[in-house]
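Step one of this worksheet: look at the structure below.
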């Protein structure tokens, strides 16, 4: 079993000689290599606590974290392997989320699909990354973690749990950390487009179909802008602008939901 | 009307504990428009569940059996589970005779039918999964779908026509092809595009699709044919 997180000795052995130079850059930040190893070991147990799963083969964990900014030169994890793991983790995540949603909600298939999209989206997974502490410990850079890397790492982590502990272990993590966010989305219908939510609310409450009117347009060579007004009957409720009609109508609908207090 | 579930079980090689699940997997939503008092729901939820299970099983298979980088595995997977392949699987399994759909849908035996057939395979997978869990679903997928991996590799079905067209064009002529929208129409939710693929100033072929990507892909496919480059490596 390859494990660099267990002892300092093993850590040095696994680290290619050439990469020792990289330690200079960490020293500049006031963190020595020893601190990092200690930090990592601490990180491991803390991360496992947050994830709610203890790896029997820590090599999986190491591979899952290989794309975090400062893992480079420390973990020596293979980026290509990390991406393969993310590919697997993404499929595990989707299957478990869909299964969970089908169990919990009677909604039609296309709505289940939309709820799922929200739960497995990059911003949502970046939130999960923060919740389980991927932004702390030796990984943290002053600028934090890019949402894309954070989200990809969560997927890779799910792949790692699946490979190490199987479907059930992955399901427990996903239920505890991701599926729990479903109820808010379902209750407030956040998975629907704002324009769709506004129209439904207007129809249900006022029996009126809202309309959008173009109130301004500007076009230069490099950019275009459109301003839309959102009307219920002849009364203007809100406005929105954007680079195209779709974006402008979404913004108008969001503003409309706020203005009517239909959120 | 109900289907002969035991006959369907024989075709798919799985005996269900809950027969109505298999029955439901065969109900297209259009059927319910004409039979409003039908006791079961349509197969859409099963289809979405089945789609996710299929993706998981095929991804795990590829991850375990191929050491290719992620990008190539993604191409393998889309060749293995795309609509065209699943429609083929549906006819191999013989699902068509069990499908329950509206009279209008019954008449349409073209693209719409292929689409419906592909979805029914996913719905069957969803039904098997709900009824018997991961193992029998995996068995069905392995026997009926993953068994096509050899064809995918042999016929290079994983190759994206756009990148292939570009590769061959650069190699043979030293020119990167370009794409131009020739025509677009329809409202936002139902857009259509016709896109031409050009080498230099010369139009090689056109493709139509409901998104720019789809139309470009189609144009590249036709371009490969027009140039006689289909068999190039």
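Chains as they are written, first to last, in the numbering used here: chain D, 434 to 696; chain A, 26 to 258. All C-beta atoms in this analysis are idealised placements derived from N, C-alpha and C, irrespective of residue type, glycine included.
Would you say residue 583 of chain D touches the ligand GDP, meaning its beta carbon is less than 7 Å from a heavy atom?
As for the ligand GDP, it is missing from this structure, which has no ligand bound.
Which word fits residue 225 of chain A, buried or exposed, when buried means at least 16 other C-beta atoms lie within 10 angstroms of its C-beta?
exposed
Could you check how far apart the C-beta atoms of residue 631 of chain D and residue 99 of chain A are, in whole angstroms? I think they sit under 8 Å.
Not a contact, Cβ separation roughly 36 Å.
Using alpha carbons as the reference points, say which of A/230, A/236, A/238 lies closest to residue 253 of chain A.
A/230
Contacting positions in the segment 599–624 of chain D - beta carbon closer than 7 Å to chain A:
600
Return the residues of the segment 105–118 of chain A that lie within a Cβ-Cβ distance of less than 7 Å from chain B, sorted by chain order.
This model lacks chain B altogether, as its protein chains are D and A.
Can you give the Cα-Cα distance for residue 679 of chain D and residue 209 of chain A, rounded to whole angstroms?
17 Å
Sequence-distant residues of the same chain with beta carbon closer than 7 Å to residue 54 of chain A, five excluded per side:
67, 69
If you reduce the DSSP assignment to three classes, tell me which class residue 695 of chain D lands in.
coil
Name the residues in the segment 71–89 of chain A whose C-beta lies less than 7 Å from a C-beta of chain D; which are they?
From the segment 71–89 of chain A, only 72, 73, 74, 77, 78, 80, 81, 84, 85, 88 have a Cβ closer than 7 Å to chain D.
Can you tell me where the alpha helix (DSSP H) with residue 525 of chain D in it begins and where it stops?
512–537
Under 9 Å Cβ-Cβ, which residues of chain A neighbour residue 543 of chain D?
Result: 69, 73.
Taking only beta-carbon positions, decide if residue 98 of chain A is within less than 8 Å of chain D.
yes
Residue closest to residue 629 of chain D, alpha-carbon to alpha-carbon, out of D/602, D/686, D/638
D/686
Are the Cβ atoms of residue 218 of chain A and residue 39 of chain A separated by less than 8 Å?
no
Hey, would you say residue 27 of chain A sits closer than 8 Å to residue 48 of chain A, going by beta carbons?
For residue 27 of chain A and residue 48 of chain A, yes; Cβs fall inside 8 Å.
Any C-beta of chain D within less than 7 Å: which residues of the segment 147–161 of chain A qualify?
159
According to DSSP, is residue 640 of chain D helix, strand or coil?
coil
Use the C-beta contact count for residue 156 of chain A: other C-beta atoms within 10 angstroms, 16 or more gives buried, fewer gives exposed.
buried
8 Å Cβ cut-off: residues of chain A touching residue 630 of chain D:
Residues of chain A passing the Cβ test: none, with the nearest at roughly 17 Å.
I think residue 602 of chain D touches residue 486 of chain D, with their Cβ atoms under 8 Å apart; what is that distance to the nearest whole Å?
About 6 Å separates the beta carbons of residue 602 of chain D and residue 486 of chain D, which is inside the 8 Å limit, making them a contact pair.
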